[in-house]
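Residue numbers (numbering that gives the first Met the number 0), protein chains in the order written: chain A, 0 to 419; chain B, 0 to 419.
From the three backbone atoms N, C-alpha and C, an ideal C-beta is built for every residue, glycine too.
Computed from a predicted model, the values in this text were never measured in an experiment.
There are 2 protein chains.
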Amino acid sequence: MTLKNAFYAQSGGVTAVINASACGVIETCRKNSDKIGKLYAGRNGILGALYEELIDTSLESDESIAALKHTPGGAFGSCRYKLKSFEENQAEYERLIEVFKAHNIGYFFYNGGGDSQDTAHKVSQLGEKMGYPITCIGVPKTVDNDLPVTDCCPGFGSVAKYIAISTQEASLDVASMAETSTKVFVLEVMGRHAGWIAAAAGLINQEAGDPPHAILFPEVAFEKEKFLAHVDLSVKEYGYCTIVVSEGAKYADGTFLADCGSIDAFGHKQLGGVAPVVAQMIKNELGYKYHWAVADYLQRSARHIASKVDVEQAYAVGQAAVEFALAGDNAVMPAIIRTSDAPYTWKIGKAQLSEVANVEQKLPSDFISENGMGITEKAKTYLAPLIQGEDFPPFKNGLPMYAKLSNQLASKKLDTFEPK
Amino acid sequence: MTLKNAFYAQSGGVTAVINASACGVIETCRKNSDKIGKLYAGRNGILGALYEELIDTSLESDESIAALKHTPGGAFGSCRYKLKSFEENQAEYERLIEVFKAHNIGYFFYNGGGDSQDTAHKVSQLGEKMGYPITCIGVPKTVDNDLPVTDCCPGFGSVAKYIAISTQEASLDVASMAETSTKVFVLEVMGRHAGWIAAAAGLINQEAGDPPHAILFPEVAFEKEKFLAHVDLSVKEYGYCTIVVSEGAKYADGTFLADCGSIDAFGHKQLGGVAPVVAQMIKNELGYKYHWAVADYLQRSARHIASKVDVEQAYAVGQAAVEFALAGDNAVMPAIIRTSDAPYTWKIGKAQLSEVANVEQKLPSDFISENGMGITEKAKTYLAPLIQGEDFPPFKNGLPMYAKLSNQLASKKLDTFEPK
């Protein structure tokens with residue numbers, strides 16, 4: 000009997016460790032070559048399946064695959080593409096089945112966040128709804144840390160570490176300059192709906208006066224007067240003020256701070272940047288000299304300062320996904336289960352895709368301090384283990400040696416797909 | 000005979016390695032305790048001398064001083080404050096002499112960039128002009144890499160490494176996303192007048208198609224049509240485009256790109272950010288989805304990914320400053336002399352402060368590629384050695400263990416200073 004082949008794809012915004020999950024999937028498939036045939040990776044996520052662009056991972060050396068563990072970004076390309084429901088776009092599912100059949104694919108591993116687990120959940124129903132049984136396992140990934148069931152999401156720990164360290168370093172800088180120059184520093188971090196990443200900056204706040212002096216969460220309605228008074232007090236008491244702001248920070252009426260109504264010289268609405276808005280507000284109202292930074296992609300791709308715990312968990316969920324598939328599971332996702340805070344221990348559990356898809360886990364209210372601009376001890380207990388340990392990539396000539404795969408496509412067997 | 004005491008101060012924008020220079024100065028003074036008395040550090044740079052706020056470094060343990068070598072920011076506080084000429088503000092110089100006399104200070108070490116070396120040069124003339132002989136040695140520091148005589152400036156190598164790595168990492172991210180989402184990524188880096196930092200991003204461009212696809216230097220007049228055509232071509236050929244832009248990028252008429260005439264909802268002129276301006280221009284003209292980042296203080300404080308060469312040079316110039324002083328030099332600055340490109344070797348030479356003060360070294364035109372948006376092999380030969388090697392700080396609980404000094408002030412002996 001010919002072994003069934005497998006399909007793996009990366010989906011949504013990539014992270015510093017999504018390739019570590021890919022490494023876990025691929026190495027575990029290779030170890031089980033008596034049970035699983037070839038592993039194809041979708042070129043640009045699920046699009047690779049629709050367009051029959053299947054990267055033949057068997058053509059990559061063991062060394063290249065091992066190097067994925069320390070390489071950021073999505074080595075096979077990712078995509079922002081959500082399958083519609085069976086009813087809305089049956090042709091897409093028919094196409095998937097056509098491609099899976101043509102390449103004898105019986106396993107589907109989908110590496111992504113909430114939207115992607117929804118896609119994985121739909122694919123897991125191909126047997127029941129369309130008569131093409133396929134083993135479908137989700138692999139969790141998102142810097143937003145907003146998936147339910149799992150204690151944390153691979154990708155988050157490394158961003159958390161990067162933001163905590165960057166806040167610490169930039170604060171040492173501004174503290175040095177504050178007497179005669181910059182007194183306020185604003186760092187914008189990712190998080191449109193949930194303040195997990197911003198909260199991580201709070202880990203460096205260990206005694207009174209430590210930065211960050213204010214964190215602005217999407218979960219807490221922004222109160223301008225209260226915030227400005229707090230900034231003023233920080234500058235007066237500590238000489239400076241470091242602020243970490245989530246891109247999704249908003250007023251009580253739901254208006255984003257970033258949507259400040261600015262227009263450029265051409266009359267176009269300015270897109271972006273809550274950090275400059277907050278900085279300008281402070282300058283206008285309090286007169287303090289400021290600097291601001293927007294970390295953007297730098298934060299989620301900073302593999303050079305990844306959390307070791309995060310890398311290990313990312314690998315583990317990839318490995319577990321294959322093991323679950325081989326054990327006969329379907330429509331599940333490996334989840335990280337915390338078994339102890341101190342010392343931190345964890346194990347891999349199992350979540351149903353139906354429980355995970357499209358659910359967004361926000362920062363619990365008891366993680367946010369009373370004034371709404373800091374984090375509680377409970378939050379620190381949760382966050383601290385996730386940034387533990389370093390896992391530096393190898394360096395050559397001063398630069399990290401990141402993997403470059405050859406990404407050769409398997410020969411096409413079908414006609415070109417025309418999306419609706 | 001009582002030994003003369005010494006004064007050390009940090010000046011101007013701080014760096015990831017200015018404290019490594021402080022460490023070099025302090026440790027070398029400690030080794031020569033038979034020749035130099037106490038070492039005082041100015042609280043907030045030269046202001047510490049004017050206000051008689053002298054940090055007694057002898058109260059810090061050897062361990063704390065050693066930890067400065069891996070701690071970013073300015074441990075004693077820096078300042079942006081330029082002494083006027085003797086003629087314009089003689090009272091300031093009289094005050095310096097008063098403080099130096101009161102604390103028996105015979106050595107002055109000033110750690111800064113071009114403006115600061117001007118201050119150091121003026122102080123070196125106190126003997127000749129005001130009858131208070133003092134040994135004055137400059138210690139080079141600036142992320143801008145714009146000091147003359149010295150081959151490079153401590154602080155630059157670490158920013159260069161950070162920017163090269165961040166550009167590489169973010170490019171892997173955008174390359175993964177480009178098929179269905181972000182196609183253009185813009186990273187803004189420091190450099191108002193000189194493009195050294197932006198140039199460093201070019202180190203990751205090793206073969207055709209490698210990022211960054213365009214670098215915008217302050218030295219090259221921005222040509223909108225040419226730039227947009229280049230971006231469009233990159234997206235079409237490689238699927239995405241990474242752009243690194245100096246904050247000081249400008250049009251031929253001298254207008255900064257950042258000064259785009261935007262006003263906010265309150266009618267205030269928007270300050271800042273050339274990255275969003277470039278990104279918005281691309282969106283408006285070419286329609287590509289973009290992301291942008293502004294590294295700001297993150298880049299110059301990123302001690303976690305400092306260049307080992309840079310740390311060693313920063314320490315060496317601090318050490319050499321004290322050795323020069325003890326050898327009887329005055330009005331000089333240790334300079335880094337490159338003795339070979341490959342293998343990279345260097346030694347410490349000597350520059351006259353009169354040659355260094357107020358001179359700005361721009362990126363040579365033969366470092367910039369023909370199209371004005373990349374760097375040449377010659378630039379790579381110069382830049383590559385400066386980012387060599389890693390010198391990670393020690394970590395605890397996932398965060399770097401940065402030094403916290405007690406910074407205790409020596410007892411004041413004089414009346415309060417009232418600046419003019």
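Within 7 Å of any Cβ in chain A, is that where the Cβ of residue 179 of chain B sits?
What you label residue 179 of chain B is simply residue 180 of the second sequence in a count that begins at 1. Yes - at least one Cβ of chain A is within 7 Å of the one on residue 179 of chain B.
At a cut of 8 Å, does the stretch 34-52 of chain A reach the stretch 409-417 of chain A through at least three beta carbon pairs?
The stretch 34-52 of chain A, when compared against the stretch 409-417 of chain A, does touch it at the 8 Å Cβ threshold.
Selection from A:342, A:351 and A:315 that minimises the alpha carbon distance to residue 329 of chain A
Taking the first sequence and counting its residues from 1, the one referred to as residue 329 of chain A is at position 330. When each option's Cα is compared against that of residue 329 of chain A, the closest is A:351.
Three CB pairs or more closer than 8 Å across the stretch 158-169 of chain B and the stretch 217-229 of chain B:
Here the stretch 158-169 of chain B does not lie against the stretch 217-229 of chain B, with fewer than 3 beta-carbon pairs under 8 Å apart.
With burial defined as no fewer than 16 other Cβ atoms inside 10 Å of the residue's Cβ, what is the status of residue 207 of chain B: buried or exposed?
Against the second sequence, residue 207 of chain B aligns to sequence position 208. Residue 207 of chain B should be labelled exposed.
Option nearest residue 309 of chain B by Cα separation, candidates A:243, A:306, A:397 and A:325:
Looking up residue 309 of chain B in the second sequence gives position 310. Selected option, being the one with the closest Cα: A:397.
If the cut is a Cβ gap below 8 Å, which residues of chain B does residue 383 of chain A touch?
Taking the first residue of the first sequence as position 1, residue 383 of chain A is located at position 384. Residues of chain B passing the Cβ test: 396 and 397.
Cβ shell of residue 64 of chain B (< 7 Å), same chain only, five flanking positions each side left out:
Counting from 1 along the second sequence, the entry for residue 64 of chain B is found at position 65. So the qualifying residues of the chain are 22, 25 and 26.
Measuring only the C-alpha atoms, how far is residue 313 of chain B from residue 153 of chain B?
Reading the second sequence from its first residue, position 314 is the one you call residue 313 of chain B. Reading the second sequence from its first residue, position 154 is the one you call residue 153 of chain B. C-alpha separation (whole angstroms): 5 Å.
Taking 7 Å as the threshold (C-beta atoms), are residue 170 of chain B and residue 241 of chain B in contact?
For the purposes of this step, residue 241 of chain B is taken as residue 242 along the second sequence, with counting starting at 1. For the purposes of this step, residue 170 of chain B is taken as residue 171 along the second sequence, with counting starting at 1. Yes, Cβ-Cβ distance for residue 241 of chain B and residue 170 of chain B is below 7 Å.
Is the beta carbon of residue 192 of chain B less than 7 Å from the beta carbon of residue 213 of chain B?
By one-based count along the second sequence, residue 192 of chain B stands at place 193. By one-based count along the second sequence, residue 213 of chain B stands at place 214. No, Cβ-Cβ distance for residue 192 of chain B and residue 213 of chain B is not below 7 Å.
Contacting residues, own chain, Cβ-Cβ under 8 Å from residue 101 of chain A (five flanking each side not counted)
Position 102 of the first sequence, counting from 1, holds the residue named residue 101 of chain A. Cβ within range, chain order: 51, 412 and 413.
Opening and closing residue of the beta strand (DSSP E) in which residue 138 of chain B lies
Here residue 138 of chain B is taken as the residue at index 139 of the second sequence, counted from 1. Residues 134-139.
For residue 335 of chain A, the residue or residues it bridges with in DSSP:
Within the first sequence, residue 335 of chain A is the residue found at index 336, counting from 1. Answer is A:347.
What residue range is occupied by the uninterrupted alpha helix (DSSP H) comprising residue 18 of chain A?
Your numbering for residue 18 of chain A matches position 19 in the first sequence. Secondary structure note for residue 18 of chain A: its alpha helix (DSSP H) is the uninterrupted segment 17-30.
Quick one: is residue 152 of chain A near chain B, going by C-beta distance under 7 Å?
Stepping through the first sequence from its first residue, residue 152 of chain A is reached at position 153. For residue 152 of chain A, the answer is no, since every Cβ of chain B falls outside 7 Å of its Cβ.
Write down the C-beta distance between residue 109 of chain A and residue 119 of chain A rounded to the nearest angstrom, noting that I regard them as a contact closer than 8 Å.
For the purposes of this step, residue 109 of chain A is identified with residue 110 of the first sequence, where counting begins at 1. For the purposes of this step, residue 119 of chain A is identified with residue 120 of the first sequence, where counting begins at 1. Yes, they are in contact, since the Cβ atoms of residue 109 of chain A and residue 119 of chain A sit about 4 Å apart, within 8 Å.
So, residue 181 of chain A versus residue 249 of chain A, is the Cβ gap smaller than 7 Å?
Start at 1 with the first residue of the first sequence, and residue 181 of chain A comes out as number 182. Start at 1 with the first residue of the first sequence, and residue 249 of chain A comes out as number 250. Against a cut-off of 7 Å, the Cβ pair of residue 249 of chain A and residue 181 of chain A comes out as no contact.
Would you identify the three-state DSSP class for residue 293 of chain B, choosing helix, strand or coil?
Position 294 of the second sequence, counted from the first residue, corresponds to residue 293 of chain B. Of the three classes helix, strand and coil, the one that applies to residue 293 of chain B here is strand, per DSSP.
Buried or exposed: where does residue 4 of chain B fall if 16 or more other Cβ atoms within 10 Å of its Cβ makes it buried?
For this step, residue 4 of chain B is matched to residue 5 along the second sequence. Buried, by the Cβ-count rule.
Along chain B, in chain order, which residues have C-beta atoms closer than 8 Å to that of residue 387 of chain A?
As a working note, residue 387 of chain A is residue 388 in the first sequence. Within 8 Å Cβ-Cβ: 396 and 397.
Is residue 280 of chain B close to chain E? Criterion is C-beta to C-beta, closer than 7 Å.
Absent from the structure: chain E. Protein chains present are A and B.
Assuming residue 197 of chain B contacts residue 244 of chain B (C-beta within less than 8 Å), just tell me the rounded distance between them.
Locating residue 197 of chain B in the second sequence gives position 198, where the first residue counts as 1. Locating residue 244 of chain B in the second sequence gives position 245, where the first residue counts as 1. At roughly 7 Å, the Cβ-Cβ gap stays under 8 Å, so residue 197 of chain B and residue 244 of chain B are in contact.
With the cut-off set at 7 Å, would you say residue 185 of chain A and residue 278 of chain A are in Cβ contact?
Looking up residue 185 of chain A in the first sequence gives position 186. Looking up residue 278 of chain A in the first sequence gives position 279. Yes.
N- and C-terminal bounds of the alpha helix (DSSP H) containing residue 231 of chain A:
If you number the first sequence from 1, residue 231 of chain A lands on position 232. Secondary structure note for residue 231 of chain A: its alpha helix (DSSP H) is the uninterrupted segment 223-237.
Proximity test, Cβ basis, 7 Å: residue 72 of chain B and chain A:
Taking the first residue of the second sequence as 1, we reach residue 72 of chain B at position 73. Interface residue, yes.
Given 8 Å, three or more beta-carbon pairs between the stretch 112-127 of chain A and the stretch 291-310 of chain A
no
What is the DSSP secondary structure of residue 424 of chain A, counted as helix, strand or coil?
No information on residue 424 of chain A is available, as it lies outside the stretch 0 to 419 that chain A covers here.
Strictly under 7 Å for the Cβ-Cβ distance: is residue 310 of chain B near chain A by that measure?
Translated into the one-based positions of the second sequence, residue 310 of chain B becomes position 311. Residue 310 of chain B does not count as touching chain A.
May I ask you to verify whether the stretch 31-42 of chain B touches the stretch 74-83 of chain B, counting CB pairs closer than 8 Å and requiring at least 3?
yes
Chain A beta carbons: is any one of them nearer than 7 Å to that of residue 67 of chain B?
Locating residue 67 of chain B in the second sequence gives position 68, where the first residue counts as 1. No, its Cβ sits nowhere closer than 7 Å to a Cβ of chain A.
Quick one: which residues of the stretch 12-40 of chain B get their C-beta closer than 8 Å to a C-beta of chain A? List them in chain order.
12, 13 and 15
Ignoring anything shorter than 3 residues or poking outside the stretch 26-80 of chain A, list the beta strand (DSSP E) runs there in chain order.
38-41 and 53-55
Using a Cβ-Cβ cut-off of 7 Å, state whether residue 189 of chain A counts as contacting chain B.
Locating residue 189 of chain A in the first sequence gives position 190, counting from the first residue. No, no contact with chain B.
Based on Cα-Cα distance, which residue from A:8, A:347 and A:369 lies nearest to residue 122 of chain A?
As a first step, residue 122 of chain A must be located in the first sequence, where it is residue number 123. If we check each option's Cα against that of residue 122 of chain A, A:8 comes out closest.
State yes or no: is the beta carbon of residue 157 of chain A nearer than 7 Å to at least one beta carbon in chain B?
Indexing the first sequence from 1 puts residue 157 of chain A at position 158. Taking 7 Å as the CB threshold, residue 157 of chain A stays off the interface with chain B.
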